[in-house]
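S.K.: Have a look at this one.
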Amino acid sequence: MLQKTIDRLTGKDKLLTVTQNLEQEVQQLQYQYNLLKKDNDEKTEQLIELIRLYKELRTSHESNLKQMKTIQYQNQQLIHTDSLYKKKYGEIKDPDTNGNLVQDLDEDKGFFDHIERIKGNAFNTNQVLAIRYNMQQNLRIIAGAGSGKTETICAKTAYLMLMEGVSASHICMVTFTRKAADEMRERVHTFLNQEKSKVTIGTFHSVFKSMFERLLKEQPGLASVGIVVHKQDDSDSKASILFRNLVKKNKLSSLDREGEKTIRERIDYWTNLDYTLDEMKGFVATYYSGVGPEIEPPIQERFYNLYTEFMQERNQQNIVIFDDYLLNLYTALQQYESAREFIQNNYKYIFVDEFQDINPLQVAILKLIAPLDGSGAKLIIVGDDGQSIYAFRGSSPEYIKDFHSMYDTYTLELMTNYRSKQNIVQSGNRVILHNQHDRIEKQMNPYHELDGDAYVWVAADVNDEAKWIIEKVQSLGKRKPFVSTNEKDPSAQPINYTVSTVLYRSAGQLQGMYQVLDTLNIPFVIESNEDIMGIFNLYEFKQAFSSWNRLVKENASYDSSEWTTILRQVALAHFVKVNDFKHFIKDQATDSISQLLQSFVNFIQIQKPYADIALLKAYFNGLFKLFKDEGEFVNVMDFIDPFLQFPANKKNLTNEELDWITKECTSYATWESLTGYHDRLQKRKVEMKKNVEAYRKGEYNALCFMTIHKSKGLAFDNVFVIGVYHGGLPSIRALPVSQVNLDECREKAEPVTTLEEERRLMYVAVTRAKHNVYITFPQMSQNQPVKRSIFIKELGLPLKNK
657 MLQKTIDRLT
667 GKDKLLTVTQ
677 NLEQEVQQLQ
687 YQYNLLKKDN
697 DEKTEQLIEL
707 IRLYKELRTS
717 HESNLKQMKT
727 IQYQNQQLIH
737 TDSLYKKKYG
747 EIKDPDTNGN
757 LVQDLDEDKG
767 FFDHIERIKG
777 NAFNTNQVLA
787 IRYNMQQNLR
797 IIAGAGSGKT
807 ETICAKTAYL
817 MLMEGVSASH
827 ICMVTFTRKA
837 ADEMRERVHT
847 FLNQEKSKVT
857 IGTFHSVFKS
867 MFERLLKEQP
877 GLASVGIVVH
887 KQDDSDSKAS
897 ILFRNLVKKN
907 KLSSLDREGE
917 KTIRERIDYW
927 TNLDYTLDEM
937 KGFVATYYSG
947 VGPEIEPPIQ
957 ERFYNLYTEF
967 MQERNQQNIV
977 IFDDYLLNLY
987 TALQQYESAR
997 EFIQNNYKYI
1007 FVDEFQDINP
1017 LQVAILKLIA
1027 PLDGSGAKLI
1037 IVGDDGQSIY
1047 AFRGSSPEYI
1057 KDFHSMYDTY
1067 TLELMTNYRS
1077 KQNIVQSGNR
1087 VILHNQHDRI
1097 EKQMNPYHEL
1107 DGDAYVWVAA
1117 DVNDEAKWII
1127 EKVQSLGKRK
1137 PFVSTNEKDP
1147 SAQPINYTVS
1157 TVLYRSAGQL
1167 QGMYQVLDTL
1177 NIPFVIESNE
1187 DIMGIFNLYE
1197 FKQAFSSWNR
1207 LVKENASYDS
1217 SEWTTILRQV
1227 ALAHFVKVND
1237 FKHFIKDQAT
1247 DSISQLLQSF
1257 VNFIQIQKPY
1267 ADIALLKAYF
1277 NGLFKLFKDE
1287 GEFVNVMDFI
1297 DPFLQFPANK
1307 KNLTNEELDW
1317 ITKECTSYAT
1327 WESLTGYHDR
1337 LQKRKVEMKK
1347 NVEAYRKGEY
1357 NALCFMTIHK
1367 SKGLAFDNVF
1377 VIGVYHGGLP
1387 SIRALPVSQV
1397 NLDECREKAE
1407 PVTTLEEERR
1417 LMYVAVTRAK
1427 HNVYITFPQM
1437 SQNQPVKRSI
1447 FIKELGLPLK
1457 NK
């Protein structure tokens, strides 16, 4: 917007027109020159004159180019320095938002009239260009938040069918969630004026499953590539039981509890990264050889046996799991040329929505369906590298950024945000701009000229933060009463909680909210069901609680692996190397638990001379009492308080999380009451699932809490982004990508949190808001000042505290 205004003020737009005209004249003269050259004997004088004129025009053209570069430089200086102009007049909008590309005499004028009547407004210039693009190359659409990408690609599907005569069966549209697939299906059918079409639309898993089933009908012999029976309702539970039994059989319990991922989660992660079984085996040998008892065969061989037995047993018992839908097709396409030819001939156009979320396995399958040499289907990919936030699932923004280096590509950008008010869009632009070396350079333009509320609320502490949010939510909720969609209960309620949504990074940011919600009896739902578990969903505490629980339930003897697991957790919490701990355990020959614990304390004292030995002794004394008395007379804080002070726990848990655990465990001081609280939260998870379903149907008036990750692709009237402090957002574990060995993290199946992805998370959170966005954080926690998030400054929003 501002760029075009500056162009008009400086005369760059007119100069550009003159230059374009000159270029056309040069081309015309060049053409005449070539004709005259054939007859140069008769027209020598005219030829000489034309050459002179040509050189003169060329000189003028080069002069114009130099002048344009000067103006461009001046424009850049104006954009960066003229803040007073922006402050006084705001962003100047480009008035040409309707595109004017569709003229009355165009063949497809009726198509655009039809679609625009349905959706209620016109397409903008780049949307029209994307819809009309002739697909001589693969099409990449860089579509920012709120830019109408779904309408655009659904209209393009309708255009291919209605204007270009492409059969519906030759078009496939793939996305990542059922909700997104349902939305695309509904819009395509609406645009086509059909109840149902033969366009293939679905998630990666559902579409690839459908492709494989079609392939099987043509080539039944391919049933041998995987497990191809129908997935039963109890398949997942059968698979889980089978896998747990194989973990025990292969003596891999220690590896299963190593780090944040179980063995099965590591396998799923490695599978999504398209690693082979042999590569996985190598990773286990490289990074996990010191985990668990040193027995034969080595850990990597036991891992290999577990994997192969799991596949064999599932095949024999016909147990299908989710990833089979992808892997069956992948294996068939890899191994059989006839399978590739069949699938490649079935589709001419494949749309991939949210391409920034794609992982290596999905890319590998796409390359087999749409080969890089262009012999298969053409791809239409759409997404925004600035919204890539699923590295923990194996996705990477590199695929959308570097798509043109894989495929012959034509790129268009959709950079008008139709969702959010002007100042919300601008704050998103400001924060994501700081990922300077990790993004496609672009900027969203706000369609709406009016501003909404967009500011940072600085609270005194977490309780003050929660109270202010509830008060603001209630104030916003009074503007439009809640009316249930349930015909049996259509009564209006004066405060409509559904018009507001609270977004959070992690469960630890909710502790103040839980207390206030319970005190004021505010109805609420949480989309991430695990976060109902509160402190039991905080990783460090969750792992330790599970070990303590097993210690008591199994009445663990010295021979049990539970004591070894607990000691290993403590060693890692003091940053002791795995191999050093392994050698310690190997050298132990005592039959007494108390002797083992004393030996371990001595070991830590040698390894870490500055370790607080009093804390270690207090922790083990409390645990030993818990083990001997089965928790009946033990105050849980006797071992939980020292546990929280272990170096790694203090580093990885925020002050708010540490305070939360302390408060909860002080309230539930005995082991019986703490485990009872845990069991009640498990029941609450079941109840919450029913409430969430009613909320989604519009039948339950409640304030919705949602992780930022789950909010992507959605939009809400009023958004509260809670806990934006250092350790909340960004995460305390976040590191600049320049400091991370990404290959090693992938090989260990321990994806690291990068600062750049946390910034993309902040961008996603802000751009969910339609009308108002409120960023909040506490100034103090546990009577200590909280370090402010770097994103607060980057957002450039005003701060308020009263």
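Every letter in the sequence shown is one number past the one before it in the numbering used here, and letter 683, counting from 1, is 1339. Backbone N, C-alpha and C define an ideal beta-carbon position, used for all residues, glycine too. As the structure is a prediction and not an experimental result, all values here were calculated from the model.
1) Are M1362 and N1185 close, meaning C-beta to C-beta below 8 Å?
2) Find out if the Cβ-Cβ distance for the pair N1073, A801 is shorter than 8 Å.
3) With a CB to CB cut of under 8 Å and the five nearest residues on each side skipped, what residues in its chain are close to N1119?
4) So, with DSSP's three-state summary, where would you put S1131?
5) For the ligand COA, is there a heavy atom less than 7 Å away from the beta-carbon of Q1165?
6) Just to check my reading of the structure: V1044 and R1416 have Cβ atoms closer than 8 Å, yes? What is that Cβ distance to the nearest angstrom?
7) So what's N1374 in DSSP terms, helix, strand or just coil?
8) Mind listing, in chain order, the continuous alpha helix (DSSP H) runs of no fewer than 4 residues lying wholly within the segment 1045-1092?
9) Closer than 6 Å by C-beta to P1016: which residues in its own chain qualify, once you throw out the five before and the five after it? Chain order, please.
10) Alpha carbons only, please: which of E1413, V1422, H1334 is nearest the one belonging to A1371?
11) Looking only at its chain, what residues have a beta carbon closer than 8 Å to the beta carbon of V1290, apart from the 5 residues adjacent to it on each side?
12) So the candidates are S1203, N1205, T1175, G1164; which of them puts its Cα closest to the Cα of M1189?
13) My guess is that V863 and V830 are in contact by the Cβ rule of under 8 Å, so how many angstroms apart are they, rounded?
14) DSSP state of A1148, grouped into three classes?
15) Kindly indicate which residue of Q1130, L1176, A1270, L1028 has the alpha-carbon position closest to the one of V1155.
16) Just to confirm the assignment, what range does the alpha helix (DSSP H) spanning T808 have?
17) Grab the span of the beta strand (DSSP E) containing F1361 for me, first residue to last.
18) Compute the beta-carbon to beta-carbon distance between D1040 and A799, rounded to the nearest angstrom, for a pair I have assumed lies under 8 Å.
19) Alpha carbon to alpha carbon, what distance is there between S1140 and E1349?
20) Excluding the five sequence neighbours on either side, which residues of its own chain have a C-beta within less than 7 Å of the C-beta of R996, listed in chain order?
21) In the DSSP assignment, what are the bridge partners of P1441?
22) What is the rounded straight-line gap between the Cα of S1250 and the Cα of Y1195?
23) Out of curiosity, what's the CA-to-CA distance linking Y1428 and S823?
24) Do M840 and I857 come within 8 Å of each other at the CB atom, strictly closer than that value?
25) In the DSSP output, what is K1456 paired with across the bridge?
26) Sort out for me which residues DSSP pairs M829 with in a bridge.
27) Going by Cα to Cα distance, which pick from M1071, A1115, L1106, K1273 is closest to Q1099?
28) Tell me whether the beta-carbon of A1267 lies closer than 8 Å to the beta-carbon of Q1261.
29) What are the boundary residues of the beta strand (DSSP E) that V1158 is part of?
30) With a threshold of 6 Å on Cβ separation, who are the neighbours of Y1324 within its own chain once the five nearest residues in sequence on each side are excluded?
31) Short of 6 Å in beta carbon distance, which residues of its chain neighbour P1298, apart from the five on each side in sequence? Order them along the chain.
32) Measure the alpha-carbon distance for T1065 versus T781 and round it to whole angstroms.
33) Between the Cα of Y1046 and the Cα atoms of Q1012, E957, K1077, F1059, which residue gives the shortest distance?
34) Ends of the alpha helix (DSSP H) at K1306?
35) For E916, tell me which candidate among D1236, V1393, T1175, Q1225 has the shortest Cα-Cα distance.
36) Taking the beta carbon of E1121 as the centre, do at least 16 other beta carbons fall within 10 Å, making it buried, or is it exposed?
M.R.: With the given structure in hand:
1) no
2) yes
3) G1168, Q1171, V1172
4) helix
5) The ligand COA is not part of this structure, which contains no ligands at all.
6) The residue asked about is misnamed: residue 1044 is Ser in this sequence, not Val. About 6 Å; that satisfies the 8 Å criterion.
7) strand
8) 1054-1057, 1059-1062, 1078-1088
9) L929, D930
10) V1422
11) G1278, K1281, L1282, T1326, W1327
12) G1164
13) 5 Å
14) strand
15) Q1130
16) 805-818
17) 1359-1363
18) 6 Å
19) 13 Å
20) L989, L1024
21) M1436
22) 28 Å
23) The amino acid occupying residue 1428 in the given sequence is Asn; Tyr does not appear at that position. About 44 Å.
24) yes
25) W1113
26) I857, F1007
27) M1071
28) yes
29) 1156-1160
30) L1330, Y1333
31) L1271, A1274, Y1275
32) 20 Å
33) Q1012
34) 1303-1308
35) Q1225
36) buried
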